[in-house]
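Structure first, then comments.
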Amino acid sequence: MSRTVDKERVVIRIAGDSGDGMQLAGGRFTDATAVFGNDLATAPDYPAEVRAPTGTLRGVSAFQIHFASRDILTPGDKPDVLVAMNPAALKSNVEELDDGSTIVVNEDAFNKRNLTKAGYDSNPLEDGSLSEFRVHALPMTSMTVKATEGIEGVSSRDAARSKNLFALGVLSWMYGRPLEVTERWIEQKFAKREAVLTANLAAFHAGYNFAETTELLEVQYHVKPASLRSGTYRNVDGTTATALGLIAASVTSKLPLFFASYPITPASELLHELARQRRFGVRTLQAEDEIAAASMALGAAFGGQLGVTATSGPGMDLKAETIGLAVALELPMVIIDVQRAGPSTGMPTKPEAADLLMALYGRHGESPLPVLAAATPAHCFSAAIEAVRLAVAYRTPVILLSDAFLANSSEPWLIPDVDELPEIDPNFAEGPNLDGEFLPYLRDERLARPWAVPGSSGLAHRIGGLEKEDATGNISYEAANHARMTSLRAEKIAGIADDIPPLGVDHQEGSELLVLGWGSSYGPITAGVRRVRDKGGKVSSAHLHHLNPLPANTGEVLRSYGRVLVAETNTGQLARLLRGEFLVDAESFTKLEGEPLLAAELEREIMERI
Amino acid sequence: MAVSVHSNGSATATFTKQDFASSQETRWCPGCGDYAVLASVQEFLPELGLPPEKIAFITGIGCAGRFAYYMNTYGMHGIHGRAPAIATGLAVARPDLSVWALGGDGDMLSIGGNHLIHALRRNMPIKILVLNNQVYGLTKGQTSPTSELGKVTKSTPFGSEDQPFNPLALALGAGASFVARTVDRDRSHVIEVLRAAAAHPGAAFVEIFQNCPIFNDEAYVLLTDKDTKDAHQIRLEHGQPIRFGAEAERGVVQRPDGSLAIVDVEDVGEQALLVHDAHCADPSRAFALAHLSKTVSEPTPIGVLRDIERPVHGEGGQAEIQAACEANGPRELQALLRAGATWTVN
């Protein structure tokens, strides 16, 4: 009889070959965990190659989930439990484990061929090299094949492919996950393929039953539901949250959503997600290139729609000229940059937030625009709405920064009441705005110009990239006019500082150090700060959602602390910006490993400074 | 604009050339072919029966790019080469508009070549006018993708080493459903071609030979001079044998291998002449016509080479999407946000 042990939080990583279905198993475990009521955060880690050679180290695909009976902020620094479906998966992950961690392996995959491919001279399951860990070697492949024997239409080769669900069954028992969530998913997913449905259910149950009845796994862990704010939740990754935010903004503004993009990792999923939403009037177009995608979105914006394009770093390079045109045209448009490690092609699946200065300054001439950054996967929803709100209100392109981590990570999301979403009013021009004439660049009190869309009688006008005369929009090369227009464009964007919330500070009485971040560093910074405080250290933190303009109180906040530490996954771009802007001696903690910051790293950096 | 009141009391506005001319002063060089094209377009547009606000001109960069400013329609002077892409976004968003994209040979065939071929392959409902003067004008005289081999320009002092594009063949290769060519100085022919392009439901590609008096003057003189044009313009008319010359004494025949040749009609007899079929499903005939002249110093076909029907991008789906968009309110949005596995914390 197994015993039950209570745990506050657990980090599990399941790793296997990229064809082993690790992301699927991870996703299912996540849903069950969410429905069970734990707080959670997930992060997939998969190779850039679609089908890397099987059994090799670079073909390993992994999924990590951190779940707890309290609120958590990151997918966890390192796993407590590693499920390794083959020797390569074990080898590429085992070094991160602390002594005493649990390893569950698919024993069947530890044959000579796979061991050699992974670079093992001897079998680690037999040579004692794993003696510091609690190792459970389960013959997952053969038990899966056995469990699915006799199902009509399922060969033993097909059957073996369900071993990820066997592993999921084992984990589901170990952590007391509700079975019906996964069962229901399998039934829906394979409704039209009965043999596959039956085989997958059989494999899942076999894993669960095996874990329950065998004495091999002596412990069942219990992670109680977390006490989260009341309301209805679902689990979302940053991609889904972004898509939902754009659709929500489209519905509340009554602006049809037009989304054009060119396939690029890790932004393509946003195109896939939105392409399915035709019933919400979403129009998607896979453009011939990045430039076309931005240009099409701008064309749609000229036509009075919500024009959006998304890409990752290399695509941003190409879109720069179109974004500059949107600055000159003063048309609303949203550009989403799902940042990844660069320069150039860099590491397409790996997160890095190093496009900040490019978003701010990466266009020729003086071309200011609002820049926002999402902080967590779920926050992508409200960040997308905020991007649309500013774009429409100020008739400007807005860059929303996300990254590969946010796009693929997931966390529970308290589903908002749509009646409480921000109002977005397109406020289209309906008639002449000065003495019976229509002046396309006559500005309102926010310095925004009118948005007159084709089809509006009496408002036909021409706009373009050439410098425009103030108010009339006619071509002008006049010296004083260019100076005035440059400053009007700058003032308009700077004025947004009055229309956004002040920088909120999680202040701790008596603290001298402020840790400041932007984007996806929110989780690790907040978790690191929490760890320091748990140990009695005094530290405050703040997080920037608006990078341009910065919240009006930013300078004041920075100057009220003796030391400011800026943590980011670039060489110190925000720190450089703050030093230039506020003459504050901001220190940097930077990391460029194609990995998110870790709570432990923040804890260490903070401890060194207090 | 004139308004006629019908016997049933309804009124129809009719428009004139002046309704389509903006108040901006045109600033092309004296004698530029762009003036002629602008005048022809403004003269033609009233035929559409659409008010100016239902028409949009999207232009690229270059001399021709200024076109948008001179039209009293909605207009956008975009960025170099991107007019077809911007127009694509506008056309998808607003199928109720008549959308025109316009640029020069450098704009459409060099920096914007990719957008051009994709707009054609998608069969976007946009009319694409390429003002081809075989040279870069605004940047002051460099070789263009349509400049002839050996062309001496500022950027090719020893003569261009690059084979020029054949714009019609390029458009046909991209799967264009409408391909035509006309000459700036021949207003009635330009208008005839614009009329056919406007009537075509999908993407219409129109190459307009346009004279640059400063950097490439008289490039098309054989096609425009009254003494030579009859001998050089091969005017294509659907359903008619292809004949040209002052006395219609020359004609086009198809050789057994499919290629075309220019012959004297009296040598072969009228029955032997090729009858132009712009609606021919097989593009090879139009392709052969596109290649009939190697350079504009040879007799050159003008008119509509190809005009076929094939599905237009967005056709059908748009109404459905529009309806879906209007049908969605807070309730549907709330349901979308709550889709999938949810759980409730009390």
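Line by line, the protein sequences give chains A and B. Position 379, counted from 1, in the first sequence is what the working numbering calls 379; the numbers after and before it change by one each time, with no gaps. Whatever position you read off the second sequence (first residue = 1), add 1000 for the working numbering. We put the CB at the ideal spot given by N, CA and C, even for glycine.
- Rounded to whole angstroms, the gap between the alpha carbons of A/Val-219 and A/Gly-169 is 15 Å.
- Listed in chain order, the non-local C-beta contacts of A/Val-398 below 6 Å within the same chain comprise Val-334, Pro-370, Ala-387, Leu-390, Ala-391, local neighbours out to five positions each way being set aside.
- The beta-carbon separation of A/Leu-306 and A/Leu-255, rounded to 4 Å, stays under the 8 Å limit for a contact.
- When secondary structure is reduced to three states using DSSP, B/Gln-1210 falls in the coil class, being assigned neither helix nor strand.
- Take the alpha-carbon of A/Ser-457 and the one of B/Tyr-1074: they are about 10 Å apart.
- Two segments are said to touch when three or more pairs of C-beta atoms, one from each, lie closer than 8 Å; by this definition the region 418-430 of chain A does not touch the region 403-410 of chain A.
- Excluding the 5 residues flanking it on each side, A/Thr-472 has same chain C-beta neighbours closer than 7 Å at Leu-439, Tyr-441, in chain order.
- One finds nothing in chain A with a Cβ atom closer than 7 Å to the Cβ of B/Tyr-1035; even the nearest lies about 18 Å away.
- Note on geometry: alpha-carbon atoms of B/Cys-1212 and B/Val-1135 lie some 8 Å from one another.
- Within chain A, no residue has its CB atom less than 8 Å from the CB of B/Ser-1110, the nearest being about 14 Å off.
- The beta-carbon of A/Pro-256 is placed less than 8 Å from the nearest beta-carbon of chain B.
- In chain A, no part has a C-beta under 8 Å from the C-beta of B/Ile-1126; the shortest such distance is about 10 Å.
- Around the CB of A/Ile-610, fewer than 16 other CB atoms lie within 10 Å, so the residue is classed as exposed.
- Put simply, the region 1105-1114 of chain B touches the region 1079-1091 of chain B. At least three CB pairs are less than 8 Å apart.
- In the three-state scheme derived from DSSP, where H, G and I count as helix and E and B as strand, A/Leu-442 is classed as coil.
- Counting the other Cβ atoms within 10 Å of the Cβ of A/Asp-108 gives 16 or more, which makes it buried.
- By the CB criterion at 8 Å, A/Leu-298 and A/Leu-331 fall inside the cutoff.
- Only those residues of the region 300-316 of chain A whose C-beta falls short of 9 Å from the nearest C-beta of chain B are listed: Ala-300, Ala-301, Phe-302, Gly-303, Gly-304, Gln-305, Gly-307.
- A/Asn-553 sits in coil when the DSSP states are folded into three classes, being neither helix nor strand.
- Here B/Pro-1157 is exposed. Its C-beta has fewer than 16 other C-beta atoms within 10 Å.
- Here A/Glu-437 is exposed: its Cβ has fewer than 16 other Cβ atoms, across all protein chains shown, within 10 Å.
- Under DSSP, the beta-bridge partners assigned to B/Tyr-1136 are B/Gln-1142.
- Around A/Ala-191, the same chain offers Leu-197 as residues with beta carbons nearer than 8 Å, after the five sequence neighbours per side are excluded.
- By the 16-neighbour rule on beta-carbons within 10 angstroms, A/Glu-269 is buried.
- When C-beta distances to chain B are compared with 9 Å, the residues of the region 269-288 of chain A below that value are Gln-277, Arg-278, Arg-279, Phe-280, Gly-281, Val-282, Arg-283, Leu-285, Ala-287, Glu-288, in chain order.
- Neighbours of A/Tyr-233 in chain B, taken as residues at a C-beta separation under 7 Å, are given in chain order as Thr-1342, Trp-1343, Val-1345.
- Around B/Asn-1166, the same chain offers Ala-1290, His-1291 as residues with beta carbons nearer than 8 Å, after the five sequence neighbours per side are excluded.
- The Cβ neighbour count for A/Thr-213, taken over all protein chains shown within 10 Å, is under 16; the residue is labelled exposed.
- In summary, no residue of the region 1244-1276 of chain B has a CB separated from any CB of chain A by less than 8 Å.
- Taken through DSSP and simplified to helix, strand or coil, A/Ile-103 comes out as strand.
- For the region 353-396 of chain A, the continuous alpha helix (DSSP H) assignments of 4+ residues that do not extend past its boundaries occur at 356-361, 379-394, in sequence order.
- Under the DSSP assignment, B/Ile-1058 falls outside any alpha helix (DSSP H), being part of the beta strand (DSSP E) whose first and last residues are 1055-1059.
- Excluding the 5 residues flanking it on each side, A/Thr-322 has same chain C-beta neighbours closer than 7 Å at Ile-291, Ala-294, Ser-295, Leu-298, in chain order.
- Taking a contact as a CB-CB distance under 8 Å, the pair A/Glu-603 and A/Arg-559 does not count as one, their CB atoms being some 26 Å apart.
- When the beta-carbon positions are compared, B/Leu-1097 and A/Gly-455 come within less than 8 Å of each other.
- The beta strand (DSSP E) runs lying completely inside the region 1047-1111 of chain B and spanning 3 residues or more are 1055-1059, 1074-1077, 1098-1104, given in chain order.
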